[in-house]
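To keep things clear, I will list the structure first and then write my remarks on it.
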Amino acid sequence: MQIYTYAHLQGVLGSCDVEGMATLLNILNKNSPFIIGAKTAATNATLIGNFCNIRNRSGPRFKSTGKIIMTAATIHLAKKENGKDLQDFQKVYNAIAKKLRDDKEYDDHTGYGPVLVRLSWHSSGTYDKRDNSGGSYGGTFRFKKEANDPLSKGLKNATDFLKPIFDEFPWISHGDLYTLGGVTSIQEMQGPKIPWRPGRVDTDESTTPDNGRLPEPYGDAHWVRNYYDRFGFNDQEVVALLGAHILGRTHLKNSGFDGPWDDDPDIFSNQFYANLLNEDWKFEKNDAGNMQYDSKKGFMMLPTDYALRQDPKYLTYVKKYANDQDAFFEDFKNVYVKLLENGITFEKSSPTYVFKTLKEQKEFKKS
Ligand code: HEM
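First residue of the sequence shown? That's 1 in the UniProt record's numbering, and the numbers climb one at a time after it.
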């Protein structure tokens with residue numbers, strides 16, 4: 001049974017007095033089977049709403065009952081996986097990493113790493129800080145509405161890749177698997193270690209966010225800044241996050257954009273920033289009629305990528321990361337963890353796992 005603590009309510013009930021919190025905790029803990037996940041959002045809202053109304057009658061102890069009702073409706077509490085520990089999740093990591101190693105020929109020998117990273121991003125990229133909806137928690141990318149978002153074309157390759165992993169480890173939630181797929185891929189493609197926390201819970205189909213929350217690639221810096229404000233990311237975090245566009249490529253058949261960002265699309269590095277600064281870019285129409293930036297070496301940039309070079313505030317970080325891979329790795333790690341965990345409340349005691357790469361484990365070292 002889930003026990004709620006003050007930590008769970010902090011941030012959610014910022015203006016609630018201590019006595020009020022204690023009473024609410026009592027209610028939550030007595031009724032905890034009804035409070036887990038967005039599945040029972042309506043129940044949560046009613047319960048907490050009733051409570052707030054009662055308290056408000058005896059004095060304005062909360063700044064805004066409405067806000068509390070709305071926020072409480074989407075508390076996403078990480079659930080402890082019964083009996084599962086680092087070793088169990090390392091086994092899942094290893095299964096993904098071994099399959100990455102075995103299926104190397106996908107997409108002109110790039111392998112599945114980039115498309116798995118993109119899946120981890122799209123399954124988290126529906127987050128909206130205003131009502132704590134969307135995000136990786138409910139694993140709703142498994143439902144047609146989300147998977148068929150036109151902006152996610154091509155990601156079926158990633159969910160198909162993960163299917164046998166899910167069959168082997170049926171106890172893992174979809175949200176945990178989609179995010180762990182990205183973490184594994186980044187580490188196996190020579191990227192930074194990504195500390196990862198389990199506990200996402202599959203929520204039902206009704207919690208699937210509508211299409212329209214993922215970004216179109218046409219916007220300028222102002223648009224990009226405004227878009228990522230929905231996640232709570234600042235300029236530095238946006239620039240660090242978009243460095244993931246060193247991986248993989250754009251495909252005409254998926255997005256109507258064409259070409260890779262670099263000629264090492266399966267190695268995670270800071271080269272995205274160096275290319276952005278140093279290549280001679282031409283803004284031209286591709287075969288699908290979309291405008292993109294192309295370089296003589298055959299690399300490309302989306303308009304949203306190029307915006308990082310055009311905006312003076314973004315440019316400062318582009319230069320910093322182009323010159324300092326360690327700084328990029330550190331900042332990317334931090335913002336990527338934020339992306340994958342947005343909207344989830346973890347208990348203070350919940351464990352953080354850092355996985356060993358296959359190379360670091362003797363038994364999997366390649367001969
Ligand atoms: C303004 C934000 C973003 C826009 C507009 C955008 C747009 C795109 C587009 C159009 C593609 C090509 C898809 C295809 O044709 O197959 C793509 C690929 C990709 N994106 Fe993004 N993206 C954004 C942010 C991100 C973020 C935050 C990440 C990860 C942290 C990411 C990771 C990737 C990866 C790894 C690929 C390559 C996938 C593959 O090779 O199949 N993107 N993105």
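A virtual CB, placed ideally from N, CA and C, is assigned to each residue, including glycine. Since the model is a prediction, treat every value here as computed from it, not as a measurement.
Any heavy atom of ligand 1 closer than 7 Å to the Cβ of P217?
Mapped onto the sequence shown, residue 217 falls at position 217. True, at least one ligand heavy atom lies under 7 Å from that Cβ.
Secondary structure at K193, three-state DSSP: helix, strand or coil?
Numbered from its first residue, the sequence shown carries residue 193 at position 193. Reduced to three states, the DSSP call for K193 is coil.
Mapping DSSP to helix, strand and coil, what is S133?
Walking along the sequence shown from the start, residue 133 turns up at place 133. S133: strand per DSSP, three-state reduction.
Find the nearest neighbour of L277 within the set R249, V318 and E284, judged by alpha-carbon distance.
Residue 277 sits at position 277 when you count from the first residue of the sequence shown. Per the Cα distances, V318.
Proximity of G134 and R200 at Cβ, strictly below 8 Å
Within the sequence shown, residue 134 is the residue found at index 134, counting from 1. Within the sequence shown, residue 200 is the residue found at index 200, counting from 1. Cβ atoms of G134 and R200: not closer than 8 Å.
Hey, could you find the ends of the alpha helix (DSSP H) Q325 is sitting in?
On the sequence shown, residue 325 is found 325 positions in, with the first residue counted as 1. Run containing Q325: Q325 to E341, per the alpha helix (DSSP H) assignment.
Any idea what DSSP makes of H222, helix, strand or coil?
Reading the sequence shown from its first residue, position 222 is the one you call residue 222. Reduced to three states, the DSSP call for H222 is helix.
At a threshold of 7 Å, does P198 count as lining ligand 1 (C-beta to nearest heavy atom)?
Residue mapping note: residue 198 aligns to position 198 of the sequence shown, counting from 1. No, Cβ of P198 sits at least 7 Å from all heavy atoms of ligand 1.
Any chance the region 149 to 159 sits against the region 187 to 195, with 3 or more Cβ pairs inside 8 Å?
no
R309 by DSSP, collapsed to three states: which one?
As a working note, residue 309 is residue 309 in the sequence shown. Here R309 sits in helix by DSSP.
For L100 versus A158, is the C-beta spacing smaller than 8 Å?
Indexing the sequence shown from 1 puts residue 100 at position 100. Indexing the sequence shown from 1 puts residue 158 at position 158. No, the pair does not count as a contact, with Cβ atoms beyond the cut-off.
Given G256, which residues of its chain have a CB within under 7 Å of its CB, disregarding the five upstream and five downstream residues?
As a position in the sequence shown, residue 256 is number 256, starting the count at 1. Result list for G256: A288 and N290, in chain order.
Where does F283 fall in DSSP's three states?
Indexing the sequence shown from 1 puts residue 283 at position 283. Strand at F283.
In chain order, what residues of the same chain have a beta carbon less than 7 Å from the beta carbon of D280, not counting five sequence neighbours either side?
Along the sequence shown, one-based indexing puts residue 280 at 280. Contacts found: S295 and K296.
Which one or two residues does DSSP pair with G259 in a beta bridge?
The sequence position of residue 259 within the sequence shown is 259, counting from 1. Looking at the DSSP assignment, G259 forms a beta bridge with T250.
Look up Q292 in the DSSP assignment and give the residues it is bridged to.
In the sequence shown, the residue the question calls residue 292 occupies position 292. Looking at the DSSP assignment, Q292 forms a beta bridge with E284.
Cβ-based burial, R130 [other Cβ within 10 Å; buried from 16]:
As a working note, residue 130 is residue 130 in the sequence shown. Classification of R130: exposed, given that the 10 Å Cβ count is below 16.
DSSP bridge partner residues for I344 (one or two, in chain order):
In the sequence shown, the residue the question calls residue 344 occupies position 344. In the DSSP output, where bridge partners are listed per residue, I344 has H76.
Across which residues does DSSP place Y353 in a beta bridge pair?
Reading the sequence shown from its first residue, position 353 is the one you call residue 353. In the DSSP output, where bridge partners are listed per residue, Y353 has W196.
Please tell me whether, using a cut-off of 7 Å, the distance from the CB of R249 to the nearest non-hydrogen atom of ligand 1 is below it.
Locating residue 249 in the sequence shown gives position 249, where the first residue counts as 1. Yes.
Could you tell me if the beta carbon of N323 falls within a distance shorter than 7 Å of some heavy atom in ligand 1?
Numbered from its first residue, the sequence shown carries residue 323 at position 323. No; taking the cut-off as 7 Å, the Cβ of N323 has no heavy atom of ligand 1 nearer than that.
With respect to 7 Å, is the separation between the Cβ of S255 and the closest non-hydrogen atom of ligand 1 below this value?
As a working note, residue 255 is residue 255 in the sequence shown. Under cutoff, so the answer is yes.
Cα-Cα separation, K285 to E105:
As a working mapping, residue 285 is identified with position 285 in the sequence shown. As a working mapping, residue 105 is identified with position 105 in the sequence shown. Approximately 30 Å between the Cα atoms of the pair.
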